[in-house]
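Taken in sequence, the protein lines are chains A and B.
Take 1 as the starting number for the first sequence in this note's numbering and just add one per residue.
Take 1 as the starting number for the second sequence in this note's numbering and just add one per residue.
For every residue, glycine included, the Cβ atom is placed at its ideal position computed from N, Cα and C.
Below: one structure, written as structure tokens.
There are 2 protein chains.
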Amino acid sequence: MVKNNVSIRDIAEKSGVSVATVSRVINNRGKYSKETRDRVLKVIREFDYTPNMTAKALRIRRQQAIGVILPEVTNEYFAAITLKIQEQLFDLGYITMIFNTSYNNEYAVRYSEMIKAQNVSGIICIYDRQTDINKFPEDIPIVCIGYDPKTKVKRKNFARVYVDVAHASWVVTNALIAKGCRKILYMSNWLKKEEGVSGRFLGFKKAMEENGLEIDKRLLIDVDTTGASSAYEAVTRLIKSGIEFDGVACNSDQAATGVIFALNAHNINVPRDVKVIGFDNTAVSKLFMPAISSVEVRPELQSKYAVECLMAMINGEKLDRHEYVVSAEVILRGTT
Amino acid sequence: MVKNNVSIRDIAEKSGVSVATVSRVINNRGKYSKETRDRVLKVIREFDYTPNMTAKALRIRRQQAIGVILPEVTNEYFAAITLKIQEQLFDLGYITMIFNTSYNNEYAVRYSEMIKAQNVSGIICIYDRQTDINKFPEDIPIVCIGYDPKTKVKRKNFARVYVDVAHASWVVTNALIAKGCRKILYMSNWLKKEEGVSGRFLGFKKAMEENGLEIDKRLLIDVDTTGASSAYEAVTRLIKSGIEFDGVACNSDQAATGVIFALNAHNINVPRDVKVIGFDNTAVSKLFMPAISSVEVRPELQSKYAVECLMAMINGEKLDRHEYVVSAEVILRGTT
DNA sequence: CTGAAAGCGCTAACAA
DNA sequence: TTGTTAGCGCTTTCAG
Chain A
1 MVKNNVSIRD
11 IAEKSGVSVA
21 TVSRVINNRG
31 KYSKETRDRV
41 LKVIREFDYT
51 PNMTAKALRI
61 RRQQAIGVIL
71 PEVTNEYFAA
81 ITLKIQEQLF
91 DLGYITMIFN
101 TSYNNEYAVR
111 YSEMIKAQNV
121 SGIICIYDRQ
131 TDINKFPEDI
141 PIVCIGYDPK
151 TKVKRKNFAR
161 VYVDVAHASW
171 VVTNALIAKG
181 CRKILYMSNW
191 LKKEEGVSGR
201 FLGFKKAMEE
211 NGLEIDKRLL
221 IDVDTTGASS
231 AYEAVTRLIK
241 SGIEFDGVAC
251 NSDQAATGVI
261 FALNAHNINV
271 PRDVKVIGFD
281 NTAVSKLFMP
291 AISSVEVRPE
301 LQSKYAVECL
311 MAMINGEKLD
321 RHEYVVSAEV
331 ILRGTT
Chain B
1 MVKNNVSIRD
11 IAEKSGVSVA
21 TVSRVINNRG
31 KYSKETRDRV
41 LKVIREFDYT
51 PNMTAKALRI
61 RRQQAIGVIL
71 PEVTNEYFAA
81 ITLKIQEQLF
91 DLGYITMIFN
101 TSYNNEYAVR
111 YSEMIKAQNV
121 SGIICIYDRQ
131 TDINKFPEDI
141 PIVCIGYDPK
151 TKVKRKNFAR
161 VYVDVAHASW
171 VVTNALIAKG
181 CRKILYMSNW
191 LKKEEGVSGR
201 FLGFKKAMEE
211 NGLEIDKRLL
221 IDVDTTGASS
231 AYEAVTRLIK
241 SGIEFDGVAC
251 NSDQAATGVI
261 FALNAHNINV
271 PRDVKVIGFD
281 NTAVSKLFMP
291 AISSVEVRPE
301 LQSKYAVECL
311 MAMINGEKLD
321 RHEYVVSAEV
331 ILRGTT
């Protein structure tokens with residue numbers, strides 16, 4: 001059982017050296033003989049001493065802690081990133097503090113106060129299109145995951161990592177076309193925005209054009225893709241109104257399940273009659289039978305980049321670049 | 001943009017009072033006139049001052065922070081609890097630090113060091129049958145979620161909240177029986193343990209006995225229920241060997257999907273021929289069509305209890321009880 | 001009602 | 001190579 005009361009002074013006394021020396025030993029700062037080192041280390045072990053990080057933080061004006069701001073941990077993709085971040089940070093001796101914004105910028109603003117008060121060393125923000133990162137303390141390094149590369153950011157100490165969605169979408173569309181699809185249903189919950197800026201639609205458009213295929217406006221569906229029901233209804237409507245399609249590119253696996261159920265309900269076979277691809281390669285895509293084709297966005301790689309460049313900024317290293325893009329991979333399974 | 005440099009001394013100077021008074025005002029400690037209060041508050045706002053929590057933590061020997069130890073945030077149920085905990089703690093002015101054990105007690109032990117070093121005010125441990133809570137600093141209040149009530153714990157400052165799984169299982173079994181099931185398949189990934197201690201099997205057994213039904217040993221299935229495939233294979237084997245059953249009680253929704261797919265593959269209709277109930281009421285149960293009947297274990301209520309009694313312990317209040325049990329609710333949907 | 005001052009545990013500049 | 005000491009920003013006792 002860990003005790004909570006022995007301080008650096010106790011260790012200094014017990015090992016017959018000064019606190020400065022103990023501090024040096026603890027932090028591997030050199031300037032001590034091997035003998036002192038061993039003696040101090042022995043006493044530390046003996047008394048089961050753990051340096052008080054609060055005191056250290058106060059002194060060096062930095063907590064060995066990182067704030068992770070994300071919409072909701074309950075989102076599988078965000079959770080996967082958060083898990084990996086925490087693991088990596090732990091190995092580096094950092095604590096992970098989490099803050100769920102629930103897609104509400106008000107929250108994010110209040111969090112930023114707390115984060116400042118905590119003297120965290122850095123922030124990782126999993127972007128939700130709502131959080132205004134300009135509200136965060138300017139001297140704290142911050143990296144955004146999923147932050148739209150087109151958004152201009154003025155602050156120093158900033159980097160972003162994001163998925164090359166345009167390319168992923170291009171690959172998805174090409175995969176569908178290669179499987180014989182000609183009339184592809186494009187489903188998104190951000191269609192209006194995407195048509196303007198987002199890469200996902202651009203990749204789709206490019207692939208269609210390159211293959212000499214027309215985009216049927218009626219097959220551009222803008223629904224809530226965080227669940228299955230809206231997708232189910234949308235597809236049902238389409239079927240009933242006799243609009244034909246032979247491939248579906250969804251921006252979530254949940255939507256893909258809705259699409260598949262709707263097709264099945266009308267005796268349209270997947271993948272024979274219609275091929276379907278989801279997004280994020282979540283658990284449900286593997287749970288399904290046939291397993292749903294999807295897009296792997298490599299949360300562990302995103303976390304890796306994020307932590308690496310955050311640490312670089314914290315350690316005052318010059319970043320060779322401020323944008324890390326991870327390319328997604330299309331996983332073809334039973335629904336194509 | 002939040003600045004990071006103004007201290008309590010600055011506020012004291014600017015408002016012409018001592019730091020002691022500023023401190024009193026900040027913490028609503030009384031002993032100041034309304035005028036001083038207003039003046040101080042005005043200056044605080046003006047300078048956008050946020051008290052340095054690290055300094056405070058050092059002084060009062062407690063961080064306004066709670067450590068949440070859990071197997072993995074990627075588990076939907078754990079994530080739901082974590083999300084709610086973080087929200088509540090934030091409202092109470094506490095930071096949430098997370099630690100994923102990955103079901104590995106080694107990790108948990110190393111976390112306990114870090115937690116001690118951080119002077120957290122309390123710990124919430126979402127139990128995974130692996131973590132040894134005796135390894136945690138003895139003076140820090142701790143509440144375990146899901147901790148088996150039969151496990152003896154000696155430490156002070158300890159409370160647990162758990163689901164009455166026995167009752168939930170009893171209700172599930174009764175629901176299946178009420179729907180006409182007689183040969184019920186009981187699926188678990190902890191069968192051996194359950195037959196000994198766990199309440200889940202007890203509830204099943206009780207309901208069967210009360211209804212004069214025999215438990216068919218061949219219908220007690222012990223497989224990995226964290227995914228769908230093991231359940232799929234187990235059910236397929238059962239069908240092939242001609243062992244009949246008309247109801248399935250799973251301990252996860254993932255397993256339930258595997259069961260349903262296996263049945264469908266053999267043209268066995270759900271719910272007509274076989275009724276299926278999952279567990280945890282996760283997203284996939286609602287995604288499915290027909291939606292999968294499941295058991296709602298109220299993560300938000302579990303979080304609420306956990307945070308409440310943790311706060312009580314932190315504030316030195318005497319707990320009226322050390323066990324909080326939340327009763328689960330069976331949600332009947334399309335598969336029954 | 002208000003202020004002076006000690007000190008939480010640590011780091012780092014400076015002295016030896 | 002080692003020690004002394006100031007001070008990080010805050011709370012709290014004690015004196016007024």
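Residue i versus chain B: which residues are under 7 angstroms apart at the beta carbon?
i	result
Ala228/A	Leu287
Met97/A	Ile95, Thr96 and Met97
Leu58/A	Thr54, Ala55 and Leu58
Using a Cβ-Cβ distance under 8 angstroms, would residue i count as near chain B?
i	result
Thr236/A	no
Phe261/A	yes
For residue i and residue j, what's the separation of their Cα atoms in angstroms?
i	j	result
Phe78/A	Leu70/A	7 angstroms
Arg200/A	Asp148/A	11 angstroms
Gly93/B	Glu323/B	25 angstroms
Lys340/A	Ala255/A	Summary: the structure shown does not reach residue 340/A, with chain A confined to residues 1 through 336, and so no result is reported for it.
Cys125/B	Ser303/B	11 angstroms
Val270/A	Gly227/B	23 angstroms
Val2/A	Thr50/A	Residue placement at Val2/A is flagged as unreliable, the pLDDT there being 45, under the threshold of 50; a coordinate-derived value is accordingly withheld.
Leu41/B	Val19/B	13 angstroms
Phe136/A	Asp320/B	42 angstroms
Val120/A	Thr54/A	11 angstroms
Thr21/A	Arg59/A	17 angstroms
Leu202/B	Glu138/B	34 angstroms
Gly258/B	Asn281/B	15 angstroms
Ser23/A	Val223/B	52 angstroms
Arg110/B	Gly67/B	13 angstroms
Does any residue of chain A have a CB that is nearer than 8 angstroms to the CB of residue i?
i	result
Gln88/B	no
Gln63/B	yes
Glu113/B	yes
Thr257/B	yes
Asn119/B	yes
With a threshold of 7 angstroms (Cβ to nearest heavy atom), would residue i be considered close to the ligand HEM?
i	result
Glu72/A	No copy of the ligand HEM occurs in the structure displayed, which carries no ligand at all.
List, in order along the chain, the chain A residues whose C-beta lies closer than 7 angstroms to that of residue i?
i	result
Gln254/B	Leu287
What does residue i touch in chain B if you count any residue whose Cβ is under 8 angstroms from its own?
i	result
Asn100/A	Leu83, Gln86 and Glu87
Check your understanding: For the segment 73 to 85 of chain A, which residues have a CB atom closer than 7 angstroms to at least one CB atom of chain B, in sequence order?
Key -> Val73, Thr74, Glu76, Ala79, Ala80, Thr82 and Leu83
Practice item. Go through the segment 91 to 117 of chain B residue by residue and report every complete run of the alpha helix (DSSP H) that reaches 4 residues or more, in order. Key: 105 to 117
Point to revise | Near-chain A residues of the segment 269 to 295 of chain B (beta-carbon distance less than 7 angstroms), N- to C-terminal order | key: Val284, Leu287 and Met289
Exercise for review: Determine which residues of the segment 309 to 330 of chain B have a Cβ less than 8 angstroms from any Cβ of chain A, and write them out in chain order.
Suggested key: none
Practice item. Scan the segment 146 to 166 of chain B for residues whose Cβ lies nearer than 9 angstroms to a Cβ of chain A and list them as they occur along the chain. Key: Arg155
Point to revise | Secondary structure, beta strand (DSSP E): runs of 3+ residues fully inside the segment 227 to 308 of chain A | key: Counting whole runs of 3 or more residues, the segment 227 to 308 of chain A contains the beta strand (DSSP E) stretches 247 to 249, 275 to 277 and 294 to 296.
Point to revise | Contained beta strand (DSSP E) runs [length at least 3] in the segment 124 to 164 of chain B, N- to C-terminal order | key: As far as the segment 124 to 164 of chain B is concerned, its whole beta strand (DSSP E) runs of at least 3 residues are 142 to 145 and 158 to 163.
Point to revise | Ranges of the beta strand (DSSP E) found wholly within the segment 30 to 78 of chain A, counting only runs of at least 3 | key: 65 to 70
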